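The number in the working numbering is simply the position in the sequence shown, starting from 1, with 1151 added.
Comments concern the structure below.
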Amino acid sequence: MRPTFLSPARPLSLALLTVVLASGMARGQAASAVIDGAGMFSEDALRQAKAELARIDRLHGVTVTVETVESLRGQTIDEAAVRRAEQLGHKGIFILIAKQEHKAEALASPRTLFESLGKARLNEVRDAFTGEFRKRKIDDGLIKGVQAAGTVLAVVRPGPGPREDGAGFLPSRTSETKPSAPGSSTPLVLRQQVRLTLAGARAAVAGAEAKAVEKGWKMNFAVVDDGGHLLAFARMDGARPASVATSTTKAISAATFRQATGPLPAGASNPDALHNLAVENAAAASGARLTTLLGGVPIVVDGQIIGAIGVGGGSGEQDTEAAKAGIAAFLEGLQSRPEEAKPKPKDKEGEAATARPSEGEPAPK
1152 MRPTFLSPAR PLSLALLTVV LASGMARGQA ASAVIDGAGM FSEDALRQAK AELARIDRLH
1212 GVTVTVETVE SLRGQTIDEA AVRRAEQLGH KGIFILIAKQ EHKAEALASP RTLFESLGKA
1272 RLNEVRDAFT GEFRKRKIDD GLIKGVQAAG TVLAVVRPGP GPREDGAGFL PSRTSETKPS
1332 APGSSTPLVL RQQVRLTLAG ARAAVAGAEA KAVEKGWKMN FAVVDDGGHL LAFARMDGAR
1392 PASVATSTTK AISAATFRQA TGPLPAGASN PDALHNLAVE NAAAASGARL TTLLGGVPIV
1452 VDGQIIGAIG VGGGSGEQDT EAAKAGIAAF LEGLQSRPEE AKPKPKDKEG EAATARPSEG
1512 EPAPK
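Shown next, in the form of structure tokens:
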């Protein structure tokens, strides 16, 4: 029966680093698809959905991907969706559905596509899925959700056009493309971006430290901005000095690779130790800061990774728990300031950043 919705090594070359990261941390952009990892849909529904996706891709030049997962494994739906979309290198519309938690999220990137669609239209796509799920019409939810994606794209992208990295919104760049002249429509700068401040970094450190005190752990805490530059650091009395370096590296890894730290590939039950060691050595050979230790977590606001926190001193699981507590405290503080929590209107000059609407939650069956 088909499941229902309820239910010691030498340093390696920089070239090897590129190959390893390409295979272990990111995936190239693919065509529109349904990745039914949770086995929610029938073969007939998958066939219909794929045909509609092919039509959307051909007509609008925008990649639309729907993916189902069995569980979020302790992540929030928006964290999981942003992380998965970045792992896939996805550009276009991405919908993630979590079976056990009964949640769904719709994303759009690059930012030009998100701003053209807007949160309201993305919510329409999400709700087309979840509206049918609530009626226990799982296959219908897939079909109507995919059709809704085509409908909203028809409004902002009524005909075929050039595509870049599958996003279908930015002009193609070929050898015949002339450089952009001043005053053209191609953006020269990015505006209205979210930036992590020193006060925000200190709030995250304080939240993580509070969790460590509660649990009786002695830890080190590092917070960096989105480029991996240190903003705040603290070492508790009694915390081991060796973890000063590891906590900082965890934060840098999470921020610059745009995903939580841990064994590679992410989610593997039996990660290859030699593969992970090769990645770290290759990074060190090129002067990069990378670790596959648990305890580094990105800080996400309005769909943008604005920095990360790294924690060291406990087990990997303890470090991660404290890091997430620090982020939760930071976000709670942000929500308590409405003038900061509410995004400001964004300038139309922006690109290549995954943006997300508010999360949706289908009702349990």
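Quick reminder that beta carbons are idealized off the backbone N, C-alpha and C, glycines included.
Just so we're clear, the structure is a prediction, and the values are computed from it rather than from any experiment.
Under the rule that 16 or more other beta-carbon atoms within 10 Å means buried, what is residue i, buried or exposed?
i, result
"Leu-1273", "buried"
"Leu-1381", "exposed"
"Ala-1271", "exposed"
"Ser-1404", "buried"
"Ala-1205", "exposed"
"Ala-1393", "exposed"
"Glu-1237", "buried"
"Gly-1212", "buried"
"Ala-1354", "buried"
"Asp-1195", "exposed"
"Leu-1425", "exposed"
"Lys-1250", "buried"
"Val-1340", "exposed"
"Gly-1292", "buried"
"Gln-1410", "buried"
"Asp-1187", "buried"
Give me the DSSP bridge partner(s) of residue i.
i, result
"Asn-1371", "Arg-1386, Gly-1463"
"Lys-1254", "Ala-1249"
"Glu-1218", "Ile-1186, Leu-1247"
"Gly-1447", "Gly-1461"
"Asp-1376", "Gly-1458"
Between residue i and residue j, which are expected to be in contact by the criterion C-beta below 8 Å, what is the C-beta distance as a whole number of angstroms?
i, j, result
"Ser-1267", "Lys-1242", "Contact flag wrong, Cβ pair sits at about 14 Å."
"Ile-1244", "Val-1220", "Incorrect: roughly 17 Å between the Cβ atoms, too far for contact."
"Asp-1388", "Leu-1347", "Their Cβ separation, rounded to whole angstroms, is 26 Å, which puts Asp-1388 and Leu-1347 out of contact at 8 Å."
"Ala-1383", "Val-1345", "Ala-1383 to Val-1345, Cβ: 17 Å. No contact."
"Lys-1362", "Glu-1472", "7 Å"
"Glu-1203", "Gly-1282", "Between Gly-1282 and Glu-1203 the Cβ distance is about 17 Å, and since that is not below 8 Å, they are no contact."
"Ala-1359", "Gly-1477", "3 Å"
Terminal residues of the continuous beta strand (DSSP E) containing residue i?
i, result
"Asp-1453", "That residue, Asp-1453, is in no beta strand (DSSP E); it is neither H nor E in DSSP."
Identify whether residue i lies in helix, strand or coil by the three-state DSSP scheme.
i, result
"Leu-1415", "coil"
"Leu-1381", "strand"
"Ala-1361", "helix"
"Ala-1473", "helix"
"Asp-1423", "coil"
"Gly-1351", "helix"
"Val-1233", "helix"
"Leu-1428", "helix"
"Val-1356", "helix"
"Thr-1227", "coil"
"Leu-1441", "coil"
"Leu-1485", "helix"
"Gln-1410", "coil"
"Leu-1239", "helix"
Need the endpoints of the alpha helix (DSSP H) that residue i sits in, please.
i, result
"Gly-1296", "1289 to 1307"
"Asn-1274", "1262 to 1285"
"Ser-1398", "1394 to 1407"
"Arg-1346", "That residue, Arg-1346, is in no alpha helix (DSSP H); it is neither H nor E in DSSP."
"Leu-1210", "1194 to 1211"
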